[in-house]
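Below: one structure, written as structure tokens.
2 protein chains.
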Amino acid sequence: MIKEDPQIEEIKPPLHESIYVKLRQSLARGELAPGQALSLRNLASSFGGSVTPVRDAVWRLTAEYALHIGPTRRISVPQLKKSEIRELLRVRALLEPEAAGIAIKNISSATIDKMRIADENMNHAVKNGDVAQYMACNHDFHFHLYRASGSSVLVPMIEALWVRFGPFMRHAYPDVSGMNGVEDHHAEALSALKRGDDFGLKRAIAADVNDGLKFLLHDLGES
Amino acid sequence: MIKEDPQIEEIKPPLHESIYVKLRQSLARGELAPGQALSLRNLASSFGGSVTPVRDAVWRLTAEYALHIGPTRRISVPQLKKSEIRELLRVRALLEPEAAGIAIKNISSATIDKMRIADENMNHAVKNGDVAQYMACNHDFHFHLYRASGSSVLVPMIEALWVRFGPFMRHAYPDVSGMNGVEDHHAEALSALKRGDDFGLKRAIAADVNDGLKFLLHDLGES
DNA sequence: CTGGGATTTTTGTTATAACATTATAAATTG
DNA sequence: CAATTTATAATGTTATAACAAAAATCCCAG
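So, in structure tokens, the structure goes:
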């Protein structure tokens, strides 16, 4: 039998897949507060479906440490300890420059443009005090770069790290007003990118991550 | 009501947990060949139980990239591409010295002893051509060190990386006979550890990882 | 023998129900 | 009124059955 439309060969994704994507997105965007309790049946009725596909999604997320299972097997949004935040940011500072270093070798000018636009939108969001927009644009800026590395290893690892920060970030930054003073490492990164400066790019990305470190630890009352 | 024996307060772990642990161990030990197909019902009858707890375990492992889901949703043991192996080892070379650097600050002499013993057993295994024993001892040596860091972030990440190598390693090293020639970075590491040499330890660990890189890439027909 | 097509088997997906444990609310007691 | 106990509700766990899609097998024409 001949397929009527072989080009539109779309296989519908399973329910657990879409639940996983939506839940992950909610976490990354900080829509769920740290410590917040979740239950399989609630999630099932929220997303439409039974507990079985929800379990698949939840277990995937717990394996990524994007969700936490308590000692009595209750599901909740993780609450990061200060030491964990510090280490997580340290890992980011190791992995993200690495991805950037690969990306600079084969990045297109079109991608650089997208990064520039994301940066502009981000600055605009900061001025308007729009936290959600700020987070989305910052994410776009970084991942346009990292995805240009073409790495199927680094990009998912870094993405998983960002998801873990999501719930914490949104509540650490009640507003983005205090962020105007920081140096603009994005501009540095774009500049280094255009002139093909491998080392400069890595330095800018590392500085961008470490700035977040300083800002967050200050927020937590540390040096 | 008073508990009869409050000390023996053991809550039995769920089935999916033990399935997850066993499957993960099989992968880490290289007992499953890359590309090998798995099925939920087979696993269920192997481990005893129904498909539901098996699904939980499998989805956790796919989230760690320890198992692979094909385009038609078939479960299989991942087959690493050369570029992926290279990147995975690069990430190891970034993360493992980092963990070692934290560990050296508060490691006990008892732990160093355990590392020394693991190294001795490993050398013994190499002489006897016992691949399984070699892999187990090498694992022990490294993770006694990493666990001493007390990091709840780095250790699980590194562990996940090792699991991904399991299936590949066992089939890349049909025997360990050719491994006598390589420099003994474990001895370097132990020496640096005893004299509290932070930089030397990191260098030794990085060299140990990169040696694996050279060896594996040679095996894959690259420079 | 060798392909190709129909059939059978296998496999992942999802919903549902029963069970044990834990958390919450209510009732009781001092 | 507070603390403790009891009862109720909610939650995670597991097994099972029905369904759809894919893979493997079988069968027959050439």
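Chains as they are written, first to last, in this note's numbering: chain A, 29 to 251; chain B, 29 to 251.
All C-beta atoms, glycine included, are put in the ideal place defined by N, C-alpha and C.
Small disclaimer: the values here were computed from a predicted structure and weren't measured.
Rounded C-alpha distance that separates B:F169 from B:I145: Distance between B:F169 and B:I145, taken at the CA atoms: about 8 Å.
Do we get a CB-CB distance below 9 Å when we pair A:P42 with the residues of chain B? Judged by the 9 Å Cβ criterion, A:P42 is in contact with chain B.
Applying a beta-carbon distance threshold of less than 9 Å, which residues of chain B neighbour A:V119? Going along chain B in sequence order, the residues near A:V119 (Cβ under 9 Å) are L122, L123, E126, V181, L182 and M185.
Since A:M116 contacts A:F193 with CB under 8 Å, what's their CB separation in whole angstroms? Here residue 116 of chain A turns out to be Leu, not Met, going by the sequence shown. In this structure A:L116 touches A:F193 by the C-beta definition: roughly 7 Å separates them, less than 8 Å.
Of all Cβ atoms in chain A, is any one closer than 9 Å to the Cβ of B:T139? no
Kindly give me the distance between the Cβ atoms of A:A72 and A:V86, rounded to whole angstroms, as I take these residues to be in contact under 8 Å. So it is not a contact: roughly 10 Å between Cβ atoms.
Is A:S177 near A:A234, with beta carbons less than 9 Å apart? no
Near B:E32, what residues of its chain come up, given a Cβ to Cβ distance below 6 Å and the 5 sequence neighbours on each side ignored? Note that B:E32 has pLDDT 38, beneath the 50 cutoff, so the model's placement of it is unreliable and no number is given.
So for B:I132, helix, strand or coil by DSSP? Coil at B:I132, not helix or strand.
State the DSSP-derived secondary structure class of A:S104, mapped to helix, strand or coil. strand
With 16 other CB atoms within 10 Å as the buried threshold, where does B:E92 fall? buried
Listing by chain order, which chain B residues have their CB less than 9 Å from the CB of A:L116? V181
Identify whether B:V237 lies in helix, strand or coil by the three-state DSSP scheme. helix
Could you name the residues that DSSP lists as bridge partners for B:L71? In DSSP, B:L71 forms no bridge with anything.
Kindly indicate if chain A contains any beta-carbon less than 9 Å away from that of B:R101. yes
Do the region 146-163 of chain B and the region 179-188 of chain B touch if we need at least three Cβ pairs shorter than 8 Å? no
Could you have a look at B:E115 and say whether DSSP puts it in helix, strand or coil? helix
Indicate whether A:V183 and A:F196 have their beta-carbon atoms separated by less than 9 Å. no
Kindly say whether B:E250, judged by its beta-carbon, lies nearer than 9 Å to any beta-carbon of chain A. Any reading at B:E250 must be qualified, since the residue scores a pLDDT of 48, below 50, and its modelled position is unreliable; the value itself is stated next. So, not an interface residue.
Mind checking if A:V190 is an interface residue toward chain B, Cβ cutoff 9 Å exclusive? Note on residue identity: the sequence assigns Trp, not Val, to residue 190 of chain A. No, A:W190 does not count as interfacial toward chain B.
Which residues of chain A have a Cβ atom closer than 7 Å to the Cβ of B:A91, listed in chain order? Within chain A, the residues near B:A91 are R88, A91 and E92.
Please confirm if B:A83 has its CB atom under 9 Å from at least one CB of chain A. Per the sequence shown, residue 83 of chain B should be read as Arg rather than Ala. Yes, its Cβ sits closer than 9 Å to a Cβ of chain A.
Nearest residue (CA-CA) to A:I132, options A:F227, A:D239 and A:N238: A:F227
Residue ranges of each alpha helix (DSSP H) within the region 156-230 of chain B, 4 or longer: 159-175, 182-200 and 213-222
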